[in-house]
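For reference, the structure discussed in these notes is given below.
Protein chains: 2
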Amino acid sequence: MTLRADARRNRARILEAAEKVLVERGTTVSTEEIARAAGVGIGTLFRHFPTKEELIQGVFVGRLHRLADDAFRLAESSDPGKALTSFLRQAVAQGEVKNALAAMLTSAGVDLHEAAGEAQQEVRRALGTLLHSAQETGAVRRDLEVADLIGLLAGTSRAIEYAGSDVTARDRILAVILDGLRPPDGQRTSNSSRE
Amino acid sequence: MTLRADARRNRARILEAAEKVLVERGTTVSTEEIARAAGVGIGTLFRHFPTKEELIQGVFVGRLHRLADDAFRLAESSDPGKALTSFLRQAVAQGEVKNALAAMLTSAGVDLHEAAGEAQQEVRRALGTLLHSAQETGAVRRDLEVADLIGLLAGTSRAIEYAGSDVTARDRILAVILDGLRPPDGQRTSNSSRE
DNA sequence: GTTAAATAGGAGCCCTCACTCCGCTTCCGA
DNA sequence: TCGGAAGCGGAGTGAGGGCTCCTATTTAAC
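Residue numbers (the working numbering), protein chains in the order written: chain A, 25 to 219; chain B, 25 to 219.
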């Protein structure tokens with residue numbers, strides 16, 4: 025399973041280029057264009073990813089891993105109450121990208137659950153720790169579940185796409201979501217101060 | 025501009041079938057398949073919509089009109105505070121569909137703004153009246169703008185897609201959004217009771 | 001009923017795109 | 001250094017899909 029040095033290099037370049045191109049132009053770009061962007065022949069691309077779908081999955085799995093890493097890092101370095109909101113802000117800042125990928129995949133008919141099972145579990149765990157500690161400090165409503173949070177993440181991402189480059193609009197939308205995450209009136213503890 | 029009777033009938037059938045098929049299978053379905061679903065020859069389809077893109081636009085514009093109608097109707101028949109939340113609930117209940125269409129279009133590279141300009145303006149006006157009256161009664165935060173609301177609508181729709189058929193999850197996600205729409209603490213009037 | 005115009009239908013054109021095949025190049029252990 | 005294995009590249013293939021074009025059919029005015 026040890027790849028030759030040049031093969032490893034090429035694989036990395038393909039993934040990198042594919043991510044860029046796929047995000048910019050959608051899943052409909054031709055594999056040839058991806059290969060060109062990577063500076064690689066089509067044959068090489070298809071050696072590493074025998075199917076266009078597998079290439080897309082590869083890109084997506086990479087993103088999921090990075091997302092989970094971000095979440096774990098924040099969970100350790102920040103106080104629970106703020107960790108979740110920071111994560112949302114941060115994830116959404118790069119969000120056009122992540123959202124575009126999710127949209128790509130669903131529209132391409134790729135079954136996420138079995139395609140990227142392991143990576144998805146990782147994200148789920150990471151968000152779980154983030155969510156549960158935030159709930160324990162009373163910063164976030166207790167009825168929320170991890171799956172809801174993932175949905176909200178995707179939704180926020182999409183909502184913010186509509187704001188385009190208007191930063192104030194982004195902030196207003198984010199404010200709606202972050203306020204909505206807080207426990208409803210009468211269920212707040214002294215810890216649940218607004219950030 | 026008066027179409028012959030059979031032409032009018034076929035046009036309607038094409039739009040109806042296209043909406044169904046496009047929503048179910050995405051923009052990548054072949055025009056031939058749409059024609060088959062409509063019980064019509066390909067030639068006929070292309071007479072009515074000279075381009076696949078124009079067909080998709082036709083479907084989308086229809087949806088926008090219906091969405092605007094819903095909003096206007098609610099604005100008249102319901103008290104302002106509840107009208108907006110009812111609209112959100114209702115729009116989102118049929119939301120997988122609407123959202124799927126939006127995703128389709130953006131991923132298909134169709135420029136919504138010039139494609140469906142008029143219809144989009146209509147939606148904007150309808151949501152504007154809904155939003156502004158809700159803001160005047162103090163039921164909704166005053167900083168929100170119509171564009172934000174549209175973004176949030178799309179986002180909510182997408183978030184709820186992730187809930188799948190889990191109705192309780194849907195409700196939890198909706199609760200987050202609806203709570204987030206209310207004015208933040210200290211800016212509420214006596215009118216802004218929770219629904 | 002007749003007729004001309006409008007419409008329907010579908011075989012086929014052409015182009016794009018995912019993927020294959022194989023001769024050539026590069027790597028790397030001995 | 002050198003040999004063979006691993007990797008590279010890109011012309012070519014086959015399938016699929018958007019769209020055209022021309023003939024048969026339907027509509028509706030008189």
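Ideal Cβ placement from N, Cα and C applies to all residues, glycine included.
To the nearest whole angstrom, what separates the beta carbons of residue i and residue j, a pair I think is in contact under 8 Å?
i	j	result
D203 of chain B	D203 of chain A	7 Å
F70 of chain A	G82 of chain A	About 13 Å; that fails the 8 Å criterion.
T180 of chain A	V85 of chain A	That pair is no contact at about 22 Å.
I80 of chain B	T55 of chain B	I80 of chain B to T55 of chain B, Cβ: 10 Å. No contact.
G105 of chain A	T161 of chain A	5 Å
D172 of chain B	I197 of chain A	5 Å
A95 of chain B	L154 of chain B	5 Å
A183 of chain B	A107 of chain A	Not a contact, Cβ separation roughly 21 Å.
I58 of chain B	A36 of chain B	The pair is not a contact, with the Cβ atoms about 14 Å apart (cut-off 8 Å).
R194 of chain A	V170 of chain A	About 25 Å; that fails the 8 Å criterion.
L45 of chain B	A61 of chain B	A small correction: the amino acid at residue 45 of chain B is Val; Leu does not occupy that position in the sequence shown. Correct: roughly 5 Å between the Cβ atoms.
A143 of chain A	H89 of chain A	6 Å
E91 of chain A	S110 of chain A	Looking at the sequence shown, residue 91 of chain A is not Glu but Leu. Their Cβ separation, rounded to whole angstroms, is 14 Å, which puts L91 of chain A and S110 of chain A out of contact at 8 Å.
Over what stretch of residues does the alpha helix (DSSP H) that includes residue i continue unbroken?
i	result
A171 of chain A	V170 to A187
D167 of chain B	Per DSSP, D167 of chain B belongs to no alpha helix (DSSP H) and is neither H nor E.
F70 of chain A	I66 to H72
A83 of chain B	According to the sequence shown, residue 83 of chain B is Val rather than Ala. It spans K76 to S101 - the alpha helix (DSSP H) in which V83 of chain B sits, taken as one unbroken run.
D30 of chain B	A29 to R49
S157 of chain B	G141 to E160
G63 of chain A	Looking at the DSSP string, G63 of chain A is not in any alpha helix (DSSP H), and its letter there is neither H nor E.
Q114 of chain A	P104 to A117
D195 of chain B	V191 to L205
Using a cut-off of 9 Å between C-beta atoms, extract the partners of residue i located in chain A.
i	result
G162 of chain B	Ordered by position in chain A, no residue passes the 9 Å Cβ test against G162 of chain B, which lies about 15 Å from the chain.
D172 of chain B	A183, Y186, A187, A193, R196, I197 and V200
List the residues of chain A that residue i touches, going by C-beta distances under 8 Å, in chain order.
i	result
I38 of chain B	The premise fails here: I38 of chain B is roughly 22 Å from chain A at the closest Cβ pair, so nothing lies under 8 Å.
L168 of chain B	R196 and V200
L205 of chain B	V200 and G204
G65 of chain B	What G65 of chain B touches in chain A: nothing, since even the nearest Cβ is about 27 Å away.
Name, please, each residue of chain A whose Cβ falls closer than 7 Å to the Cβ of residue i.
i	result
G141 of chain B	Going along chain A, no residue has its Cβ under 7 Å from G141 of chain B, so there is no contact; the nearest lies around 16 Å.
A178 of chain B	R182, A183 and Y186
G105 of chain B	Going along chain A, no residue has its Cβ under 7 Å from G105 of chain B, so there is no contact; the nearest lies around 16 Å.
Give the residues of chain B in contact with residue i, contact being defined as C-beta atoms less than 8 Å apart.
i	result
L91 of chain A	Under the 8 Å cutoff, chain B gives no residues; its nearest Cβ is about 15 Å from L91 of chain A.
P6 of chain A	Lying before the first or after the last residue shown, residue 6 of chain A is absent from chain A, which here runs from 25 to 219.
G82 of chain A	Residues of chain B passing the Cβ test: none, with the nearest at roughly 20 Å.
Under 9 Å Cβ-Cβ, which residues of chain B neighbour residue i?
i	result
G152 of chain A	Chain B residues near G152 of chain A: none, gap ~15 Å exceeds 9 Å.
G86 of chain A	Simply none; closest approach about 20 Å.
Given the structure, does residue i come close to the ligand ADP, in the sense that its CB is under 7 Å from one of the ligand's heavy atoms?
i	result
V147 of chain A	Of the ligands one can find in the structure shown there are none, so the ligand ADP has no counterpart to examine.
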